[in-house]
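Which chain is which? The protein sequence lines are A and B, in order.
So the number in the numbering used here is just where the residue sits in the first sequence, counting from 1, plus 3.
So the number in the numbering used here is just where the residue sits in the second sequence, counting from 1, plus 1395.
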Amino acid sequence: MQRDRFRHKGFFSRLQLPVAKKYVYPSSRNAMFFVGGIGAVLVLGLFSFNAFFQHGALVSNGPLSSNHAAFGGDCSTCHTAFQNVTSDKCSVCHEKFGDEVGVHTFASHYLYRSDDFTRVVPAANEPACFGCHTEHVGRDAPITAVADDNCLQCHGFGSFNTGHPEFDFAADSLLDDGNLKFPHTLHVNQVRDRKDLVDIEQACLYCHNATPDGTGFQPISFDRNCDTCHLTTSDATPWVTVASAEGPGVLTLETLRAQQRPGSLWTYYTNPNEFQDRGGAVRKSPVYHRDPWVLENLRRLRQILYPSTGLADLLRASGDVDPRDVRSLYEEAVATLDTYAEELRSSPEREVQQELAEVEDLLDVVRRRLRDPYAPLDETRFLVSPAARDTSISVEEGRAFERVIDQLTQPCQKCHYVEEATIVRVKADQGNLIRAEFNHGAHIIQTRCLDCHSAIPIRQAAATNTTAEWAEDNAGIQNLPSIAKCQTCHTDGKASNTCVTCHLFHPDKSQHSNLLQYLE
Amino acid sequence: MKTAVQKTAIYQTKRPDASRWSNKWVQSPLWFMGFGIAVAVCLVVFVLNALFGRVHPSSPWGLGYGIAAAVLFVGVFFYGVKRRTMQVRALGRAWYYLQFHVYGGTLFLLLALMHVGFRVPHGVLTWWLWALSIWVVASGLLGIVLQKWIPTLLSTGVTTEVNYDRIPELTDEIRERAEKLVETSDYAVRDFYRKDVAPVLAAPQFRPIYYLGISGGLKGQTPPFRHLRAMLPTEERAKLNELEDLVGTKLEIDAHYTLQKALRGWLYVHVPVSVVLAALLGFHIFTVLYY
């Protein structure tokens, strides 16, 4: 025991086991780090080799969507080292034959159905394509299904059901601007009576004809929808004063034919028997829609009253349109000029033919400019300004002019408004909710027309079948539901209520796959 | 002004006003509360993200979670650095590093899961990052459980305390004593030793039964001394009693060996994987910047 005590520092436990002679160092744990280090080197080597010498499938965040699956073997198709995925690389395919602005750019998004160039801002700091279209989330991932928060970064409304603003026409209680004296209730009842229709909505569809794809309706046309009942052979103008030294009036067919002004070719094809002359007054029967004699006289009276009307003389109705419709004004003006040029073809004089060639060249230039969807156009050049009225015409003379205009346009005024010696242009298509997509076909199978379009009391009028008590609703273009109606179905747990349900970012997504563009 | 030792004592002293559970599992209520607040803030932020933004790793929210998780991961790694530089007092107390390692590591996993929107990633690299993050934090939490549970088990179940690294040496010592003891014993004891006792004393033995209960494990392994004792003369009984003590101590050492092996072994499922995770995380950050 003495020797043991000498050999050991002491003893512990009831067995008197020896205490360690010196400090016992814990066994080294470097092996853990060695194993970890070996593992790290192996996996880094594997992933690095795959990233830089193979197709990079291991470092990819996930499979590409089916749309881009063919590019999976070459990361550089989309990726640029340390620059992320630039939109330029997307444009290689998607803007291959794009226009100046680019179908898939933010600029085209700003211009989408507005043609308002003031909304276009420099592209700096705008999100790239990949910001909205998330890739590498699976082969079947819908990369066009953009999440709401991408839109809400700029349009900070919140969800459709809680934050979406009310539609402008409903929020601001905008008056209907169809510019047509039209009572829906009267027409529905008359159509039902004449066609013996029980279903009210069949009466609606009698005039509102669906487009071939079933998503919307064709614009209402006089020739197709109104001609059956309106401006029949029995319609006539009242007796209208003929212009003379005593006062303002209209020009007769013979006078207009004799003047041989541009655009007067119609005078040779018009039946003189349609006019009755009563010594100082003339009437026309029948009166046609866009009757050339009425429009020519109206234009002439307008030129006297408003001498600086400019391009408005080339239009058949007023130039007062929404800026996004301005293209139609130019096209109408070019068509009028074409008519004028056509009349000159029959003139054999060399000078006339030379000038005609120059005119046609100019019209070609205009047509080319009109084909550019992003060329800025000015609609104010077609407007007749009340302030531009000829100040040399006295108040009395002015009233005389207005009296003549009123007589001349009596048949027109049954449906149209006449202001500043111009027939106010009818909005043939609704101009609301233009930046949203609405598929009537998808909705009509679930609900009835009048369940949503209930602002005009058509059902009530049909129930009583009273045609006497009707009110003009200006064609009821704003007979649209407020957003609350949409929200009853488009809400969480029911129909989709994301931004892209109704709104598109890219104005014309068909362009990138338009085969015709490749062939041109 | 308290000394460093006194400060340490504060953290290790049981809080009389706290429950047993709290005293055992929460070393510092302050850190625990801070961790709870951080988790609550993270979850609230994520809910707001889900309500008002896009839940995706590349969204500004998702990038924020990812960056925060990466920063925490780097911070958590400093515990290992501190363990290797204990002599450098200027780096602060290891206790703080450990607390940050535990709570920061758990918060790292939460932020990493928020980064991927609590979904399984689609990519191979990202799947490995996701899986290794869960593995590392889960093994770390297992380590905490073992660190709290096994010392308690050992302190209540066995009478002998041994240093893990001395177990082979002490086992040899006991075996030598036992062999010397039975050399002078009669045939019955020697035969009993050869058949029943020698295998027990041969080497430290890992017996998972000790994880279920130390006393039960000890009883189950003890050779049948009682049957032999009745047949022996008085002087041989004394030797047999001494041999039984040696075997009892050896079995307690086996319990230490088994349980302390878990205390040390969990590091082998935690640390190497952490190193791999660190490497993959670095590579992930590189690929995000590169691509």
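Note that CB positions come from ideal geometry on N, CA and C, so glycine has one too.
Closer than 9 Å, CB to CB, is residue i near chain A or not?
| i | result |
| --- | --- |
| Ala1526 of chain B | no |
| Glu1556 of chain B | yes |
| Phe1678 of chain B | yes |
| Ile1405 of chain B | No answer about Ile1405 of chain B holds up, because its pLDDT of 45 lies below 50 and its placement is not dependable. |
| Trp1544 of chain B | no |
| His1451 of chain B | yes |
| Ala1673 of chain B | yes |
| Val1670 of chain B | yes |
| Pro1667 of chain B | yes |
| Tyr1685 of chain B | yes |
| Met1396 of chain B | Residue placement at Met1396 of chain B is flagged as unreliable, the pLDDT there being 48, under the threshold of 50; a coordinate-derived value is accordingly withheld. |
| Pro1563 of chain B | no |
| Gly1448 of chain B | yes |
| Phe1472 of chain B | no |
From the options, pick the residue whose C-alpha is nearest to that of residue i; which is it?
| i | options | result |
| --- | --- | --- |
| Leu507 of chain A | A:Phe85, A:Phe74, A:Ala148 | A:Ala148 |
| Gly1512 of chain B | B:Leu1446, B:Met1626, B:Val1532 | B:Leu1446 |
| Thr1653 of chain B | B:Asp1591, B:Ile1562, B:Ser1669 | B:Ile1562 |
| Gln306 of chain A | A:His97, A:Thr425, A:Phe74, A:Glu475 | A:Thr425 |
| Cys210 of chain A | A:Val201, A:Asp216, A:Val285, A:Arg195 | A:Arg195 |
| Leu304 of chain A | A:Arg402, A:His112, A:Ala23, A:Glu346 | A:Arg402 |
| Gly250 of chain A | A:Gly283, A:Leu268, A:Gly266 | A:Gly283 |
| Pro1452 of chain B | B:Glu1556, B:Gly1518, B:Leu1527 | B:Gly1518 |
| Glu204 of chain A | A:Arg451, A:Glu98, A:Asn435 | A:Arg451 |
Can you say whether residue i is buried or exposed, counting buried as having 16 or more other CB atoms within 10 angstroms of its CB?
| i | result |
| --- | --- |
| Glu138 of chain A | buried |
| Val1442 of chain B | exposed |
| Asn276 of chain A | exposed |
| Pro310 of chain A | exposed |
| Met1509 of chain B | buried |
| Glu1647 of chain B | buried |
| Asn212 of chain A | exposed |
| Ala1404 of chain B | Residue confidence is low: Ala1404 of chain B scores 44 on pLDDT, short of 50, so the model does not pin down where it sits. Its coordinate-derived value is still stated next. It counts as exposed. |
| Ala43 of chain A | buried |
| Asn477 of chain A | buried |
| Asn33 of chain A | exposed |
| Arg428 of chain A | buried |
| Lys198 of chain A | exposed |
| Glu361 of chain A | exposed |
| Thr258 of chain A | exposed |
| Lys1477 of chain B | buried |
| Arg281 of chain A | exposed |
| Gln86 of chain A | exposed |
| Leu190 of chain A | Looking at the sequence provided, one finds His at residue 190 of chain A rather than Leu. It counts as buried. |
| Gly322 of chain A | buried |
| His187 of chain A | buried |
| Trp1416 of chain B | exposed |
Starting from residue i, follow the beta strand (DSSP E) in both directions and report where the run begins and ends.
| i | result |
| --- | --- |
| Gln279 of chain A | 278-280 |
| Ala284 of chain A | 284-287 |
Give the range of the alpha helix (DSSP H) segment to which residue i is assigned.
| i | result |
| --- | --- |
| Val1476 of chain B | 1455-1479 |
| Lys198 of chain A | 187-198 |
| Val1668 of chain B | 1629-1685 |
| Arg227 of chain A | Unbroken run through Arg227 of chain A: none, as it is neither H nor E. |
| His97 of chain A | 90-97 |
| Trp269 of chain A | 269-272 |
| Ala1413 of chain B | Counting along the chain, Ala1413 of chain B falls outside any alpha helix (DSSP H), and DSSP gives it neither H nor E. |
| Cys489 of chain A | 486-492 |
| Met1509 of chain B | 1489-1510 |
Is the CB of residue i under 9 Å away from at least one CB in chain B?
| i | result |
| --- | --- |
| Met4 of chain A | Residue placement at Met4 of chain A cannot be trusted, given a pLDDT of 47 that sits under 50; what the coordinates show is reported in the next sentence. So, not an interface residue. |
| Cys93 of chain A | no |
| Asp503 of chain A | Position check: residue 503 of chain A holds Val in this sequence, whereas Asp was assumed. Output row for Val503 of chain A: interface = no. |
| Cys132 of chain A | no |
| Tyr309 of chain A | no |
| Asn500 of chain A | no |
| Ala23 of chain A | yes |
| Asn182 of chain A | no |
| Pro222 of chain A | no |
| Asp152 of chain A | yes |
State yes or no: is the beta carbon of residue i nearer than 9 Å to at least one beta carbon in chain C?
| i | result |
| --- | --- |
| Thr137 of chain A | In summary, chain C is missing from the structure at hand, where the protein chains are A and B. |
Problem set entry | the segment 1637-1664 of chain B: positions lying closer than 7 Å to chain A by Cβ | Those residues of the segment 1637-1664 of chain B placed with their C-beta closer than 7 Å to a C-beta in chain A are Asp1640, Leu1641, Thr1644, Leu1662, Tyr1663, ordered along the chain.
Exercise. Which of the residues in the segment 1508-1524 of chain B, read from start to end, lie with their CB under 8 Å from any CB of chain A?
Worked result: Identification of residues in the segment 1508-1524 of chain B having a C-beta nearer than 8 Å to some C-beta of chain A yields Pro1516, His1517, Gly1518, Val1519, Leu1520, Thr1521, Trp1523, given in sequence order.
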